[in-house]
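So for the sequence shown, the working numbering puts the first residue at 581; every next one is plus one. Ideal placement from N, C-alpha and C gives every residue a C-beta, glycine not left out.
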Amino acid sequence: MIRADPQREWTGSVTTRTVPSVEDIRERLGAIGQEHVLRFYDSLSEDARQGLLQQIDALDLEGLPGLIEKYVRSKPDFSPGSTPRPASVYPANEGDAVRSWDRAYYRKAGETLLRAGKVAAFTVAGGQGSRLGFEGPKGKYPAGAVTKKPLFAMLGEWVLAAQSRYGAAIPWYIMTSPINHEETVEFFREQHHFGLNEDDIIFFPQGVMPSFDLETGNMLLAEKGVLATNPDGHGGSLRALAVSGALDDMRRRGIEQISYFQVDNPIVRAIDPVFIGLHVGAPDSSGEMSAKVVRKTDPKEKVGVVCSVDGKHQVIEYSDLPDELAEQRNSDGSLAFSAGSIAIHMLSVEFVQRLNNSAGSGGFALPLHRAEKKVAYVDFETGKQVEPSAPNAVKLETFVFDALPFADKALILETERVEEFAPIKNAEGNDSPATCRAIQTERAALWLETAGIRVPRRPDETPDCVLELSPLTATTAEDLQQREDLPKEIRAGEELAL
Ligand code: UTP
581 MIRADPQREW
591 TGSVTTRTVP
601 SVEDIRERLG
611 AIGQEHVLRF
621 YDSLSEDARQ
631 GLLQQIDALD
641 LEGLPGLIEK
651 YVRSKPDFSP
661 GSTPRPASVY
671 PANEGDAVRS
681 WDRAYYRKAG
691 ETLLRAGKVA
701 AFTVAGGQGS
711 RLGFEGPKGK
721 YPAGAVTKKP
731 LFAMLGEWVL
741 AAQSRYGAAI
751 PWYIMTSPIN
761 HEETVEFFRE
771 QHHFGLNEDD
781 IIFFPQGVMP
791 SFDLETGNML
801 LAEKGVLATN
811 PDGHGGSLRA
821 LAVSGALDDM
831 RRRGIEQISY
841 FQVDNPIVRA
851 IDPVFIGLHV
861 GAPDSSGEMS
871 AKVVRKTDPK
881 EKVGVVCSVD
891 GKHQVIEYSD
901 LPDELAEQRN
911 SDGSLAFSAG
921 SIAIHMLSVE
931 FVQRLNNSAG
941 SGGFALPLHR
951 AEKKVAYVDF
961 ETGKQVEPSA
971 PNAVKLETFV
981 FDALPFADKA
991 LILETERVEE
1001 FAPIKNAEGN
1011 DSPATCRAIQ
1021 TERAALWLET
1031 AGIRVPRRPD
1041 ETPDCVLELS
1051 PLTATTAEDL
1061 QQREDLPKEI
1071 RAGEELAL
């Protein structure tokens, strides 16, 4: 008899090699009231039967009832341990009156680590990109403002530029999901790995979570022989790095630090020596996990805020931050809680390993976040596939920023939005291809102007042109100033890729 333990924390899914018997699986499912997922088992081909049993066996079945009770049948309330306080942040402007710091010193520290080949790039690209509604891996999205280069190419150029600048290999780890893994790997092959060394690009898929029926909390079938699942969130990367063997690979290559960024932000400073240097060298960093933030100016902006809770930095989602805190102002009128999280992190290999070592012993479990979504499913009565028109399912995910409080001292660095945050999330409106193009143009315009090039601007000050600047041309405004092949002037309405 297998007993379910409602108090058990969910420990995620694992892939097994041997396929258990249907009797064994039926008994385990029966114990947790989920045997309905075998409803069509008898009608399946032998291959499909094996596939389904394997998929079910890979789940932490005994942890499911607790999970369903806590996150599917109810909506857990968020409450930080004690009253959040504003995070302690390194300001974007190093000469800031509140806190000054020596950018050049930390840049040098980061460059030393890069030259010694101790830094890897890490892109999470396992998401479903449902808001954008683009078919296929999001990294294939044509994001270049002028060239329409895919996101993966724009990120890859950063890695390439950094490798040649520091004269060392920077292996690039890319987390996919079971849904887009093959297509992602194939795309890199087709594109000749964007000029990078194939052996230095390492792909691995993340884990998945079952999707649950919103009403009953039952697992759903996507097909008669396939459970409906979703990738387990970017937080799943911390576990996937370990179980995929990527962490071992890093150690073999002498990698100590990981530069983490998302696939949908093509202007991210994928490799930033200043951030790396602060993360490893600042007195208030334990060198385990750091985060970049941008300054929030609107208390209602839908972005998580890094706060300090019980002496630890922690991201609180905008919907969980009480209004009176979100609206609190400093004496100069700026928002007190202004550290908007933008999903750019440094992580040490040792930290990710430590988290994984403590998994299962009650040490490391990122909180689950619940989202109500439309998920196609098989009707258990009719056996027909249903495309729901309204949310019918609960998806559960973990978020990588929830690992921040596990670090002894997590460092927070502020950066300017226009310098490195132009995510493509939605097809239109905020954080869309259009806003991304506008920010790419604005950043290139600012850098060109710093280099003394005139950029035409409209009466509202936005550039009257479309600009795209490859990291192979410049990764900073200073880089651009060194170049002697720049145009003297940009014409109104011009589209220019540099
Ligand atoms: P988002 O939170 O924007 O989710 O991911 P998404 O899946 O890409 O898009 P929507 O919500 O369906 O519209 C932020 C980053 O985290 C990665 C994404 O690929 C993106 O780079 N991610 C997200 C994963 O790698 N795995 C996940 O399970 C979720």
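| field | Closer than 7 angstroms: residue 897 CB and nearest the ligand UTP heavy atom | value | Along the sequence shown, one-based indexing puts residue 897 at 317. Answer for residue 897: no, Cβ out of range of the ligand UTP.
| query | Based on Cα-Cα distance, which residue from 1021, 895 and 988 lies nearest to residue 978? | reply | Position 398 of the sequence shown, counting from 1, holds the residue named residue 978. That would be 895, whose Cα lies nearest to the Cα of residue 978.
| query | What three-state label does DSSP hand residue 638 in the structure shown? | reply | On the sequence shown, residue 638 is found 58 positions in, with the first residue counted as 1. Looking at residue 638 - three-state DSSP - the assignment turns out to be coil, as it is neither helix nor strand.
| Any idea if residue 1034 is buried or exposed, counting beta-carbon neighbours within 10 angstroms, 16 or more meaning buried? | What you label residue 1034 is simply residue 454 of the sequence shown in a count that begins at 1. Flag for residue 1034 reads exposed.
| task | Taking the CB atoms as reference points, tell me whether residue 992 and residue 926 lie closer together than 8 angstroms. | result | Numbered from its first residue, the sequence shown carries residue 992 at position 412. Numbered from its first residue, the sequence shown carries residue 926 at position 346. No, these two residues do not count as a Cβ contact at 8 angstroms.
| field | Segment contact flag, the stretch 906-916 with the stretch 867-881, C-beta cutoff 8 angstroms, min 3 pairs | value | yes
| In angstroms, rounded to a whole number, what distance separates the CA positions of residue 851 and residue 612? | Residue 851 sits at position 271 when you count from the first residue of the sequence shown. Residue 612 sits at position 32 when you count from the first residue of the sequence shown. Near 46 angstroms, if we compare the C-alpha coordinates of residue 612 and residue 851.
| request: Measure from the alpha carbon of residue 1065 to the alpha carbon of each residue in 873, 1031, 1055 and 980, then state which is nearest. | output: Walking along the sequence shown from the start, residue 1065 turns up at place 485. Per the Cα distances, 1031.
| Which of the three DSSP states, helix, strand or coil, is assigned to residue 838? | Taking the first residue of the sequence shown as 1, we reach residue 838 at position 258. It is a strand residue.
| For residue 702, the nearest candidate out of 725, 735, 692 and 888 (CA to CA) | Walking along the sequence shown from the start, residue 702 turns up at place 122. Residue 735 is the option with its Cα nearest to residue 702.
| query | If you follow the beta strand (DSSP E) that residue 810 is part of, which residue opens it and which one closes it? | reply | Translated into the one-based positions of the sequence shown, residue 810 becomes position 230. Taken as a continuous stretch (DSSP letters only), the beta strand (DSSP E) holding residue 810 covers 809-811.
| message | I believe residue 799 touches residue 790 by the beta-carbon criterion, under 8 angstroms. Please report the beta-carbon distance rounded to the nearest angstrom. | response | Residue numbering aside, residue 799 sits at position 219 when the sequence shown is read from its first letter. Residue numbering aside, residue 790 sits at position 210 when the sequence shown is read from its first letter. Indeed they touch by this definition, with Cβ atoms about 5 angstroms apart.
| request: Decide if the stretch 726-746 is in contact with the stretch 859-867; the criterion is three or more beta carbon pairs, one per stretch, under 8 angstroms apart. | output: Counting C-beta pairs with one atom in each stretch, the stretch 726-746 and the stretch 859-867 have fewer than three that are closer than 8 angstroms, which means they do not touch.
| request: Per DSSP, which residues does residue 1033 bridge with? Please list them. | output: In the sequence shown, the residue the question calls residue 1033 occupies position 453. Per DSSP, residue 1033 has no beta-bridge partner at all.
| said: I need the straight-line Cα distance from residue 638 to residue 1061, nearest angstrom please. | reply: In the sequence shown, the residue the question calls residue 638 occupies position 58. In the sequence shown, the residue the question calls residue 1061 occupies position 481. Their backbone Cα atoms lie some 54 angstroms apart in a straight line.
| What residue ranges within the stretch 637-712 form continuous beta strand (DSSP E) runs of no fewer than 3 residues, ordered along the chain? | Counting only runs of 3+ residues, the beta strand (DSSP E) found wholly inside the stretch 637-712 occupies 699-704, in chain order.
| residue 610: first and last residue of the uninterrupted alpha helix (DSSP H) it sits in | Locating residue 610 in the sequence shown gives position 30, where the first residue counts as 1. Element bounds for residue 610: 602-611.
| message | Between which residues of its own chain and residue 644 is the CB-CB distance below 6 angstroms, once the five residues before and five after are set aside? | response | Against the sequence shown, residue 644 aligns to sequence position 64. Taken in chain order, the residues that qualify are 612.
| query | What are the partner residues of residue 1008, as DSSP defines its beta bridges? | reply | Translated into positions along the sequence shown, residue 1008 becomes position 428. Per DSSP, none; premise fails for residue 1008.
| request: Enumerate in chain order the residues of its own chain whose CB-to-CB distance from residue 581 is below 6 angstroms, with the five nearest sequence positions on each side excluded. | output: By 1-based counting over the sequence shown, the position of residue 581 is 1. Only weak support is given to the placement of residue 581: the predicted model assigns it a pLDDT of 36, under 50, and the question is left unresolved by the model.
| query | Can you list, in chain order, the stretches of the alpha helix (DSSP H) that have 4 or more residues and sit fully within the stretch 718-788? | reply | 731-746 and 761-770
| heavy atom of the ligand UTP below 7 angstroms from residue 1005 C-beta | Against the sequence shown, residue 1005 aligns to sequence position 425. Yes, the Cβ of residue 1005 comes within 7 angstroms of a heavy atom of the ligand UTP.
| Among 822, 1006, 832 and 1045, the one whose alpha carbon lies nearest that of residue 1022 | Working through the sequence shown from its first residue, we reach residue 1022 at position 442. Cα-wise, what sits closest to residue 1022 is 1045.
| How would you label residue 872, buried or exposed, when you count the other beta carbons within 10 angstroms and need 16 or more for buried? | Start at 1 with the first residue of the sequence shown, and residue 872 comes out as number 292. Counting Cβ neighbours within 10 Å, residue 872 comes out buried, since at least 16 surround it.
| Regarding residue 814 and the ligand UTP, is the C-beta to nearest heavy atom distance less than 7 angstroms? | For the purposes of this step, residue 814 is taken as residue 234 along the sequence shown, with counting starting at 1. True, at least one ligand heavy atom lies under 7 angstroms from that Cβ.
| When 749, 664 and 739 are compared against residue 697, the one with the closest alpha-carbon | Start at 1 with the first residue of the sequence shown, and residue 697 comes out as number 117. Measuring from the Cα of residue 697, the nearest candidate turns out to be 749.
| said: I'd like to know whether the C-beta atoms of residue 932 and residue 822 end up nearer to each other than 8 angstroms. | reply: As a first step, residue 932 must be located in the sequence shown, where it is residue number 352. As a first step, residue 822 must be located in the sequence shown, where it is residue number 242. Yes, the Cβ-Cβ distance between residue 932 and residue 822 is below 8 angstroms.
| task | With residue 1060 as the anchor, note down where its alpha helix (DSSP H) starts and where it stops. | result | Here residue 1060 is taken as the residue at index 480 of the sequence shown, counted from 1. Annotation for residue 1060: the continuous alpha helix (DSSP H) segment containing it runs 1057-1062.
| message | Could you check whether the Cβ of residue 712 sits closer than 7 angstroms to any heavy atom belonging to the ligand UTP? | response | Position 132 of the sequence shown, counting from 1, holds the residue named residue 712. A heavy atom of the ligand UTP is found nearer than 7 angstroms to the CB of residue 712.
| field | Length of the line joining the Cα atoms of residue 584 and residue 892 | value | Counting from one through the sequence shown, the residue named residue 584 turns up at place 4. Counting from one through the sequence shown, the residue named residue 892 turns up at place 312. Legend: pLDDT at residue 584 = 46, less than 50; position of this residue unreliable, no value from coordinates given.
| Between which two residues does the beta strand (DSSP E) harbouring residue 949 extend? | Taking the first residue of the sequence shown as 1, we reach residue 949 at position 369. Looking at the DSSP string, the run of the beta strand (DSSP E) that includes residue 949 is 949-953.
| So what does DSSP say about residue 1072, is it helix, strand or coil? | Along the sequence shown, one-based indexing puts residue 1072 at 492. In the three-state scheme derived from DSSP, where H, G and I count as helix and E and B as strand, residue 1072 is classed as coil.
| request: Assign residue 614 to buried or exposed, taking buried as 16 or more other Cβ atoms, counted over all protein chains shown, within 10 Å of its Cβ. | output: Your numbering for residue 614 matches position 34 in the sequence shown. Residue 614 is buried by the Cβ-count criterion.
| What do you reckon, are the CB atoms on residue 617 and residue 609 nearer than 8 angstroms? | Position 37 of the sequence shown holds residue 617. Position 29 of the sequence shown holds residue 609. It is a contact, given that the beta carbons lie within the stated cut-off.
| query | Of the residues 738, 725, 973 and 854, which one's Cα is nearest the Cα of residue 673? | reply | As a working mapping, residue 673 is identified with position 93 in the sequence shown. The shortest C-alpha separation from residue 673 is found at 854.
| said: By DSSP's criteria, residue 872 is part of a beta bridge. Which residues make up the other side? | reply: Here residue 872 corresponds to residue number 292 of the sequence shown, with the count starting at 1. DSSP lists 993 as partners of residue 872.
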